[in-house]
Amino acid sequence: MLIRKLFPLLQCPTCRSRDLFVEAAGLHCAGCHTVYPIHAGYIDLMPSGAAYDYVSKYVTDEAELAEELDYRELAPALLAAGVRDRTLRRLLAFQSTDVVLDNGCGSAKHAVWNADQVGLMVGSDPATLFADQALTQVALAQADSRSLPFADGSFDKAFAIDILEHFPREVIDTYLAESARILRPGGRMLAFSNTRELSPIQPLINISRRIGRLFVRAGVYDFSREARRKSDHIKALETWEDVLAAFERAGLRPVKVIFWNSLFTTFVEHIVMKLGEAALGRRSQPVTQAKSAEATPQPAGVAREIRARRRVRRQLRPGSPVYLALKAITLMMELDLWLFGWMRCGSYFILVEKPRV
C-alpha cells in the first residue's frame, strides 16, 4: 500500500513530532494526540486547529469544482500539460532512487506521469481532487503547504506546477520555506508559474488572441472554463526580480531558467484546439427536460469543453492517429521554449537547488 511508504517521511503537521503510530482510527501523534484519518488512497494530514487568512478556492469550492475540473480520468501528457511535463522531466533529471514531492499536486497528473521514473512519488494538496490513477500509483497526502507533514530533508526533488500564481506573497514565502526545509542539501526543485510581465514578442502572440476573440464573438466557442480556472490568479510576484527574491529568501539557489514565450502555444490554444473543441463538443442528442431539471446546468462553454475532452480521451491510445496528431502539436508548442526560452517574459520554469552547506 503506497500510503505506508509515507510513514518514514512523516512528522506531525500540528506539533512537528515524529513520534507517530498507526491505530484503528488512523495515524496517531504521541506528541499532541491528533489522529489523522487514513482514507482509500490518501491520508489526511491537515494540521489540527490551524486557521489561515488565505484558503484556495479549490478547498472552499471543492465539491462545486469537482465536475467542472473533470479530474478523475487522466489523459496522456499532451499539449500544454505535455510541454510542462517534458520540461519538468528534462530539468529535474529524475533518478530511480529519487524521493520526489509534487507540492500542490491537484489531480496529481504530473506525479502519475512520472511515478515510474523515481523511487517514490508523493503528492500533496489541501484539496482531495485526486485522479483515480493517482490514488493507486502515487503516495498521496491531504496537506497544507504552509505546514508540510514531512521531516526535514526527506526529499531529493520537488516540483510546483501552476502553483505560485495563486498565492499572496506571504503564502509564497511560507510555501518556499517549507519546500526548502523538506529538501535534502543538494536537493532540487522545479517551479512553473508566471508574473505580470509581457513577452517581447507579445504583438505576434496577440494575433492569435485577436482571431480567437472573433470566433468568440461569432459564438463558435468561448473561454469560460479557462477564465474560471484562472479566476483566483493573484500573481503576487509581479516581476522576474520578485521571483528571484522570493527564492533567495527561502535559501534556494537558481540553477536554470527557461521562459515560455507562447507564440505557437497561443495559436494552438486559442484557435486550433478551441475549433476542435467546438466540433467535438456538440451534443450528440438533446438533453431531456427531466434530466436538465435534476442537475445544476453548467455554462455552455464548460459543458462543451468537457464533452470534447472526454470524446478525445477515448481515442488516445498510444499510436492512434489522434494521439500522434496531438503529440505532433505538443512538439510544435515546445518550440516556444527551444526558440524563445532565453527571452524574458511572464511565464517561466525555474530550477533551484538547496545549498549543501
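Taking the UniProt record's numbering, I'd label the letters of the sequence shown as residues 1 to 357. Idealized CB from N, CA, C, for every residue including glycine.
On a CA-only basis, which of F192, T330 and G41 is nearest A131? Give me that one, please. On the sequence shown, position 131 is the one that residue 131 refers to. Measuring from the Cα of A131, the nearest candidate turns out to be G41.
Out of curiosity, what's the CA-to-CA distance linking A303 and I271? Working through the sequence shown from its first residue, we reach residue 303 at position 303. Working through the sequence shown from its first residue, we reach residue 271 at position 271. Spanning the two alpha carbons is a distance of roughly 18 Å.
According to DSSP, what are the bridge partners of N194? Position 194 of the sequence shown, counted from the start, is the residue given in the question as residue 194. Partner(s): S347.
Under a CB-based cut-off of 9 Å, is W113 close to chain D? No chain D appears in this structure, which consists of one protein chain only.
Return helix, strand or coil for N206, following the three-state DSSP convention. Numbered from its first residue, the sequence shown carries residue 206 at position 206. Helix at N206.
Do G219 and P355 have their C-beta atoms closer together than 9 Å? Here residue 219 refers to the residue found at position 219 of the sequence shown. Here residue 355 refers to the residue found at position 355 of the sequence shown. For G219 and P355, no; Cβs fall outside 9 Å.
Between which residues of its own chain and R18 is the CB-CB distance below 7 Å, once the five residues before and five after are set aside? Counting from 1 along the sequence shown, the entry for residue 18 is found at position 18. Cβ neighbours of R18 beyond the five flanking positions: Q11 and A151.
Does the beta-carbon distance from L88 to I3 come in below 9 Å? Numbered from its first residue, the sequence shown carries residue 88 at position 88. Numbered from its first residue, the sequence shown carries residue 3 at position 3. It is not a contact, given that the beta carbons lie outside the stated cut-off.
Out of T266, V100 and D53, which has the shortest C-alpha to C-alpha gap to T174? As a first step, residue 174 must be located in the sequence shown, where it is residue number 174. Measuring from the Cα of T174, the nearest candidate turns out to be D53.
Mind checking whether I207 and F340 have CB atoms under 9 Å apart? Residue 207 sits at position 207 when you count from the first residue of the sequence shown. Residue 340 sits at position 340 when you count from the first residue of the sequence shown. Contact flag unset, no.
Could you tell me which of E334, P47, G319 and A246 sits nearest to P168, measuring between CA atoms? As a first step, residue 168 must be located in the sequence shown, where it is residue number 168. Minimum Cα distance to P168 is reached at A246.
Looking at G49 and I38, is the spacing between their C-beta atoms short of 9 Å? Stepping through the sequence shown from its first residue, residue 38 is reached at position 38. Stepping through the sequence shown from its first residue, residue 49 is reached at position 49. G49 sits away from I38, with the two beta carbons spaced by 9 Å or more.
Quick check: the region 249–256 against the region 347–354, are there 3 or more CB pairs under 8 Å? Taking 8 Å as the limit for Cβ pairs, the verdict is that the region 347–354 does touch the region 249–256.
I'd like to check one pair, F155 with L101: are the Cβ atoms closer than 9 Å? Position 101 of the sequence shown, counted from the start, is the residue given in the question as residue 101. Position 155 of the sequence shown, counted from the start, is the residue given in the question as residue 155. Yes, these two residues count as a Cβ contact at 9 Å.
Taking only the alpha-carbon atoms, compute the straight-line gap between A93 and D85 and give it to the nearest angstrom. Residue mapping note: residue 93 aligns to position 93 of the sequence shown, counting from 1. Residue mapping note: residue 85 aligns to position 85 of the sequence shown, counting from 1. About 12 Å.
Which residues in the same chain have their Cβ closer than 7 Å to the Cβ of T97, if we skip the five residues on either side of it in sequence? Residue 97 sits at position 97 when you count from the first residue of the sequence shown. Hits under 7 Å: G119.
Buried or exposed for E241, going by 16 or more other Cβ atoms inside 10 Å? Walking along the sequence shown from the start, residue 241 turns up at place 241. Residue burial is scored here from C-beta neighbours: E241 has fewer than 16 other C-beta atoms within 10 angstroms and is therefore classed as exposed.
Can you list the beta strand (DSSP E) stretches of 3 or more residues lying completely in the region 93–123, in chain order? 99–103
CB contact flag (K57, L69, <9 Å): Counting from 1 along the sequence shown, the entry for residue 57 is found at position 57. Counting from 1 along the sequence shown, the entry for residue 69 is found at position 69. Cβ distance not < 9 Å, so K57 and L69 don't count as in contact.
Measuring CA to CA, which of E170, I172, R181 and I163 is closest to P149? Taking the first residue of the sequence shown as position 1, residue 149 is located at position 149. Closest in C-alpha terms to P149, from the list E170, I172, R181 and I163, comes R181.
Taking the alpha helix (DSSP H) that E241 falls in, what are its first and last residues? Translated into the one-based positions of the sequence shown, residue 241 becomes position 241. Segment W240 to R249, the alpha helix (DSSP H) holding E241.
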